[in-house]
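Below: one structure, written as structure tokens.
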Amino acid sequence: MLTNRYVQTYSATLTSEPLEKFVARYEPPFRVEPKYDGERVFCLKSRGELVLANRYKTVYDRGNLPQAFVEALLQAVKARRALIDGEFVALGGDLYSFLSARRSEEKWKLGLVCFDLLEVNGKSTRHLP
């Protein structure tokens with residue numbers, strides 16, 4: 778059930794101590810997620826086209842992205858128009874190596890971890906929980 782109750786969040790913490798000792802300092806419940814090494818990206822689907830740009834306003838050339846990735850993303854987003862906030866990740870490799878040189882689609886798998894759906898068909902979803 779969704780509520781408007783505030784949930785405190787924490788920044789990532791780098792530690793070398795055993796996990797049990799680190800966790801003992803905090804009260805449950807715990808929420809964890811894997812950390813992918815990637816780059817924050819905004820994904821805009823509009824009129825059957827896909828535009829991907831980072832927070833520095835660099836637009837990624839679709840010709841440098843695996844065609845299977847582009848097609849899968851276009852199919853996965855059912856809305857006519859959508860703006861998604863997420864993170865580019867290279868699964869099984871380093872994202873920056875992937876972006877700096879073209880890699881074969883068989884060796885490198887590019888993914889998009891989605892954080893927020895910001896707009897759907899021209900309507901903002903920012904006010905929704």
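All residue numbers for the sequence shown refer to the numbering used here, where the first residue is 778 and numbers rise by one.
Think of the CB as a built atom: it goes at the ideal place given N, C-alpha and C, for glycine as much as any other residue.
Keep in mind that this is a model prediction, so the values were computed, not measured.
Does the Cβ of residue i have 16 or more other Cβ atoms within 10 Å, making it buried, or fewer, making it exposed?
{"i": "residue 828", "result": "exposed"}
{"i": "residue 815", "result": "buried"}
{"i": "residue 851", "result": "exposed"}
{"i": "residue 887", "result": "buried"}
State the start and end residues of the unbroken beta strand (DSSP E) segment that holds residue i.
{"i": "residue 892", "result": "886-897"}
{"i": "residue 819", "result": "815-823"}
{"i": "residue 866", "result": "858-868"}
Keeping to the same chain, check which residues put their C-beta closer than 7 angstroms to that of residue i; ignore five residues upstream and five downstream.
{"i": "residue 859", "result": "822, 894, 896 and 897"}
{"i": "residue 863", "result": "818, 820, 889, 890, 891 and 892"}
{"i": "residue 913", "result": "No answer is possible for residue 913: it lies beyond the span of the chain, which begins at 778 and ends at 906."}
{"i": "residue 824", "result": "none"}
{"i": "residue 813", "result": "864, 866 and 890"}
{"i": "residue 903", "result": "895"}
CB-CB under 6 angstroms to residue i, same chain, minus the five flanking residues each way: which ones, in chain order?
{"i": "residue 834", "result": "none"}
{"i": "residue 837", "result": "829"}
Would you report the Cα separation of residue i and residue j, rounded to the nearest angstrom?
{"i": "residue 808", "j": "residue 854", "result": "27 angstroms"}
{"i": "residue 803", "j": "residue 841", "result": "44 angstroms"}
{"i": "residue 849", "j": "residue 798", "result": "42 angstroms"}
{"i": "residue 873", "j": "residue 856", "result": "30 angstroms"}
{"i": "residue 865", "j": "residue 801", "result": "33 angstroms"}
{"i": "residue 793", "j": "residue 867", "result": "26 angstroms"}
{"i": "residue 899", "j": "residue 810", "result": "31 angstroms"}
{"i": "residue 826", "j": "residue 805", "result": "44 angstroms"}
{"i": "residue 905", "j": "residue 796", "result": "35 angstroms"}
Between which two residues does the alpha helix (DSSP H) containing residue i stretch?
{"i": "residue 800", "result": "796-800"}
Output needed for residue i: all residues of its chain with C-beta closer than 8 angstroms, excluding positions within five of it in sequence on either side, in chain order.
{"i": "residue 847", "result": "827 and 839"}
{"i": "residue 901", "result": "895"}
For the ligand NAD, is there a heavy atom less than 7 angstroms away from the beta-carbon of residue i?
{"i": "residue 851", "result": "You won't find the ligand NAD in this model; it holds no ligand whatsoever."}
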